[in-house]
Amino acid sequence: MKRPYEELGLVNTKEMFKKAMEGKYAIPAYNFNNMEQLQAIIGGCAESNSPVIVQVSSGARKYANQTMLYWMAKGAVEMCRKDLKSNIPICLHLDHGDTFELCKSCVDSGFSSVMIDGSHLSYEENIAVTKKVVEYAHQFDVSVEGELGVLAGIEDAVSAEKHTYTDPNQVEDFVKRTGVDSLAISIGTSHGAYKFKVKPGESVPPLRFDILDEVEKRLPGFPIVLHGSSSVLQEYVQMINQYGGKMDNAVGVPEEQLRKAAKSAVCKINIDSDGRLVVTAIIRKVFAEQPGEFDPRKYLGPAREELKKVIIEKNTNVLGSAGKA
Ligand code: G3H
Ligand code: 13P
Ligand code: ZN
1 MKRPYEELGL VNTKEMFKKA MEGKYAIPAY NFNNMEQLQA IIGGCAESNS
51 PVIVQVSSGA RKYANQTMLY WMAKGAVEMC RKDLKSNIPI CLHLDHGDTF
101 ELCKSCVDSG FSSVMIDGSH LSYEENIAVT KKVVEYAHQF DVSVEGELGV
151 LAGIEDAVSA EKHTYTDPNQ VEDFVKRTGV DSLAISIGTS HGAYKFKVKP
201 GESVPPLRFD ILDEVEKRLP GFPIVLHGSS SVLQEYVQMI NQYGGKMDNA
251 VGVPEEQLRK AAKSAVCKIN IDSDGRLVVT AIIRKVFAEQ PGEFDPRKYL
301 GPAREELKKV IIEKNTNVLG SAGKA
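Read in my numbering, the sequence shown has 180 at position 180, and its numbers run on one by one without any break.
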């Protein structure tokens with residue numbers, strides 16, 4: 001009998017991560033909330049022949065409706081196979097699941113991977129909820145990502161004032177006791193478009209690669225995940241500001257550092273904010289230059305095209321996943 005996610009034509013992360021680890025690249029994990037974002041992600045990954053993880057947060061799940069999401073995922077896979085003639089592996093992942101019930105519901109409705117984010121709980125509570133999710137998900141061969149250490153940043157559902165770096169002394173015990181398939185760690189990235197407090201012209205502080213190295217030593221060959229990995233592409237921040245927006249001092253993780261991370265045990269790199277910036281910048285530009293335009297296809301269409309271009313660029317020049325499907 002087929003697993004719920006196999007019915008949708010999806011795969012879990014097992015093979016993807018194995019190949020990424022061996023090939024020294026990272027699988028892109030792009031967030032989506034609507035049709036245009038999903039089309040751009042699948043289109044960009046098909047064109048660059050990259051495996052992909054498409055992920056939804058609990059906020060995205062509420063926004064898009066869970067039934068709609070199921071059919072969107074099915075539609076995306078079919079579009080990819082039939083219309084784009086591409087066989088790239090596609091994984092549908094729950095981003096920052098915060099309860100066992102939410103993770104279970106996603107497993108039941110066809111997700112091939114879930115994250116249980118217990119990073120805000122005590123260590124023992126994090127272990128308990130993560131283990132429970134793993135025990136359920138693994139019955140259906142669904143992959144589970146856990147998290148140790150807290151990322152700063154303010155999102156719909158993900159909110160923390162201060163970050164706490166992952167303690168490498170805990171990772172072995174956590175992985176052993178929970179049975180997770182991958183581990184998100186905190187090495188200085190954060191969610192959103194304002195990742196570092198730097199004055200114009202100043203460079204951002206490097207990520208804590210020393211912590212990543214320590215984690216790799218404790219967990220040789222184990223897939224590591226980096227959240228908060230948008231570069232906050234300045235071209236689009238400037239476009240937003242030029243066309244009436246206000247995003248002062250928005251900065252992200254330099255691409256060079258992500259390239260370095262992708263060559264290590266980091267097998268999955270999460271990118272949401274960059275996609276939001278691209279879409280917003282293009283829509284603002286169209287609105288400013290064509291104030292009489294009121295057909296959503298005329299601004300969502302160019303936004304989708306630009307997002308697809310950025311995804312191809314990231315897969316090719318940052319994550320190294322292009323051509324690896
Ligand atoms: O890590 C969080 C993602 O960027 C999702 O954000 O909760 O606003 O959908 P969201
Ligand atoms: P960014 O805000 O840097 O895009 O991070 C996204 C993320 O980590 C989703 O889980
Ligand atoms: Zn995240």
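Ideal Cβ positions, reconstructed from N, Cα and C, are used throughout, including at glycine.
Does the Cβ of residue i lie closer than 8 Å to at least one heavy atom of the ligand G3H?
i, result
"Lys96", "Reading off the sequence, residue 96 comes out as His, not Lys. For the ligand G3H, at least one heavy atom lies less than 8 Å from the Cβ of His96."
"Ser203", "no"
"Asp272", "yes"
"Ser182", "no"
"Ala60", "yes"
In this structure, what does DSSP give as the bridge partners for residue i?
i, result
"Glu145", "Met115 and Ser182"
"Leu226", "Ile269"
"Tyr194", "Val251"
"Thr164", "Val150"
Note the first and the last residue of the continuous beta strand (DSSP E) segment covering residue i.
i, result
"His93", "Ile90 to Gly97"
"Tyr30", "Ile27 to Asn31"
"Val310", "Counting along the chain, Val310 falls outside any beta strand (DSSP E), though it belongs to the alpha helix (DSSP H) covering Pro296 to Lys314."
"Gln55", "Val52 to Ser57"
Could you check whether the Cβ of residue i sits closer than 8 Å to any heavy atom belonging to the ligand ZN?
i, result
"Gly228", "yes"
"Leu102", "no"
"His191", "yes"
"Leu151", "yes"
For the ligand 13P, is there a heavy atom less than 8 Å away from the beta-carbon of residue i?
i, result
"Ala261", "no"
"Asn31", "yes"
"Val253", "yes"
"Gln55", "yes"
"Lys314", "no"
"Lys246", "no"
"Lys195", "yes"
Along the chain, where does the alpha helix (DSSP H) containing residue i start, and where does it finish?
i, result
"Val77", "Gln66 to Glu78"
"Ser105", "Phe100 to Asp108"
"Glu293", "No alpha helix (DSSP H) holds Glu293; DSSP gives it neither H nor E."
"Val129", "Tyr123 to His138"
"Val237", "Gln234 to Gln242"
"Arg218", "Phe209 to Arg218"
"Met16", "Lys14 to Gly23"
"Pro4", "Pro4 to Glu7"
"Ile41", "Met35 to Glu47"
Does the beta-carbon of residue i, which I'm using as the reference point, lie nearer than 8 Å to any heavy atom of the ligand FMN?
i, result
"Gly301", "You won't find the ligand FMN in this model; what it holds is the ligand G3H, the ligand 13P and the ligand ZN."
Residue i CB to nearest chain D CB: under 9 Å?
i, result
"Lys19", "Note that chain D does not occur in the displayed structure, where there is just one protein chain."
Would you call the region 162-173 and the region 99-118 touching, i.e. three or more CB-CB distances under 8 Å? no
For the region 1-12 against the region 66-78, do three or more pairs of beta-carbon atoms, one drawn from each stretch, fall closer than 8 Å, so that the two count as touching? yes
Touch check for the region 210-221 and the region 241-257: three-plus C-beta pairs under 8 Å? no
Do three or more CB pairs link the region 36-53 to the region 88-107 at distances below 8 Å? yes
So, do the region 223-238 and the region 190-199 have three or more beta carbon pairs nearer to each other than 8 Å? yes
Is there contact here, the region 273-292 with the region 23-39, by at least three beta-carbon pairs under 8 Å? yes
Per the contact definition of three or more C-beta pairs closer than 8 Å, is the region 9-21 in contact with the region 283-295? With a cut-off of 8 Å, the region 9-21 and the region 283-295 do not count as touching, because too few Cβ pairs lie within range.
Is there contact between the region 246-253 and the region 298-318, where contact requires at least three CB pairs shorter than 8 Å? no
Would the region 97-111 count as touching the region 133-150 if we require 3 or more Cβ pairs under 8 Å? yes
Count Cβ pairs between the region 177-190 and the region 215-227 that sit closer than 8 Å; are there 3 or more? yes
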